[in-house]
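Trainee: Pasting in a structure now, in structure tokens, and then I'll have a few things to ask.
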């Protein structure tokens, strides 16, 4: 892996590559929405039946050029929970000066988070809670491949070297997710986000998409 300072020298893939990437996003997202529709309906019903609250969870995230957007997920938590412990955990990981590796499967996630429902734990482990984000891809808020969409308060904690990740749309999957997922340290994951921005092209996106099912099978929610 090259030095982070070198990866900050961003390359512009050009309008042609951007147009192909958008066409790939639209085409694959439409196919995936159609193919997963019966499963999404079933999961919607299970979420409603197993805990009180809406099936779809809406949350503000930071997108390209730091623009906020509403991200969609199947609800995996109880309604009306307190996120102070989660904020403290992630804030500590993001602000740590030393390399800090999260417990397996827990990068950006609180260990033993009591806010998560039993069904929600399974949804997160399989990443099925992220299926509604295909709608975000169709809307143009997200891409199939890109850096993880961050919460506004997470974005405020990022050091300057990692800011290039906000020059592209966030994605459903990305380079760090297929390079070790939650077994990586926070710093390595963020550096891989920046590396993706520097190297991005349609061929790399296709490679990441091809590696994503195996990464999901190995477990650990993104």
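In the working numbering, the protein residues as written are -6 to 215.
Cβ atoms here follow ideal geometry from the backbone N, Cα and C, with glycine treated the same way.
Does the region 27 to 46 touch the region 145 to 153, meaning 3 or more C-beta pairs lie closer than 8 Å?
Mentor: No: fewer than three Cβ pairs fall under 8 Å.
Trainee: Quick one: is residue 8 buried, meaning 16 or more other Cβ sit within 10 Å of its Cβ, or exposed?
Mentor: Exposed, by the Cβ-count rule.
Trainee: Quick check: the Cα distance between residue 207 and residue 165, rounded to an integer number of angstroms?
Mentor: Near 15 Å, if we compare the C-alpha coordinates of residue 165 and residue 207.
Trainee: DSSP state of residue 205, grouped into three classes?
Mentor: Of the three classes helix, strand and coil, the one that applies to residue 205 here is helix, per DSSP.
Trainee: Which whole-angstrom value is the C-beta distance of residue 161 and residue 202, which I expect to be below 8 Å?
Mentor: Contact doesn't hold; Cβ gap of about 16 Å is too wide.
Trainee: Please classify residue 164: does DSSP put it in a helix, a strand, or coil?
Mentor: In this structure, residue 164 counts as strand in the three-state DSSP scheme.
Trainee: Smallest Cα separation from residue 153: which of 26, 197, 184?
Mentor: When each option's Cα is compared against that of residue 153, the closest is 184.
Trainee: Which runs of the beta strand (DSSP E) fall wholly inside the region 28 to 93 and span at least 3 residues, in chain order?
Mentor: Here the runs fully enclosed are 49 to 55, 61 to 67.
Trainee: Let me check understanding here. Comparing Cα to Cα, which of 143, 122, 180, 130 lies closest to residue 209?
Mentor: The residue with the shortest Cα to Cα distance from residue 209 is 122.
Trainee: For residue 190, write down the residues that DSSP places opposite it in a beta bridge.
Mentor: Looking at the DSSP assignment, residue 190 forms no beta bridge with any residue, so it has no partner.
Trainee: How is the alpha helix (DSSP H) around residue 150 delimited, first residue to last?
Mentor: It spans 145 to 150 - the alpha helix (DSSP H) in which residue 150 sits, taken as one unbroken run.
Trainee: Less than 8 Å between the beta carbons of residue 62 and residue 68, yes or no?
Mentor: Taking 8 Å as the Cβ cut-off, residue 62 and residue 68 do not qualify as a contacting pair.
Trainee: Give the DSSP-derived three-state secondary structure of residue 171 in the structure shown.
Mentor: Three-state result, residue 171: coil.
Trainee: Using DSSP with H/G/I as helix, E/B as strand and the rest coil, what is residue 177?
Mentor: Correct three-state label for residue 177: coil.
Trainee: Report the three-state DSSP secondary structure of residue 183 (helix, strand or coil).
Mentor: Of the three classes helix, strand and coil, the one that applies to residue 183 here is helix, per DSSP.
Trainee: For residue 125, which residues of its own chain have a beta-carbon under 7 Å away from its beta-carbon, when the five flanking residues on both sides are left out?
Mentor: Counting only Cβ-Cβ distances below 7 Å, and skipping sequence neighbours, we find 49, 65, 66, 67.
Trainee: Tell me the rounded alpha-carbon separation between residue 1 and residue 43.
Mentor: Below a pLDDT of 50, predicted positions are generally treated as unreliable, and residue 1, at 46, falls in that range; the measurement from the model is reported next regardless. Taking the straight line joining both Cα atoms gives about 46 Å.
Trainee: What is the rounded straight-line gap between the Cα of residue 77 and the Cα of residue 38?
Mentor: Cα-Cα distance, rounded: 29 Å.
Trainee: Helix, strand or coil for residue 137, going by three-state DSSP, please let me know.
Mentor: Here residue 137 sits in strand by DSSP.
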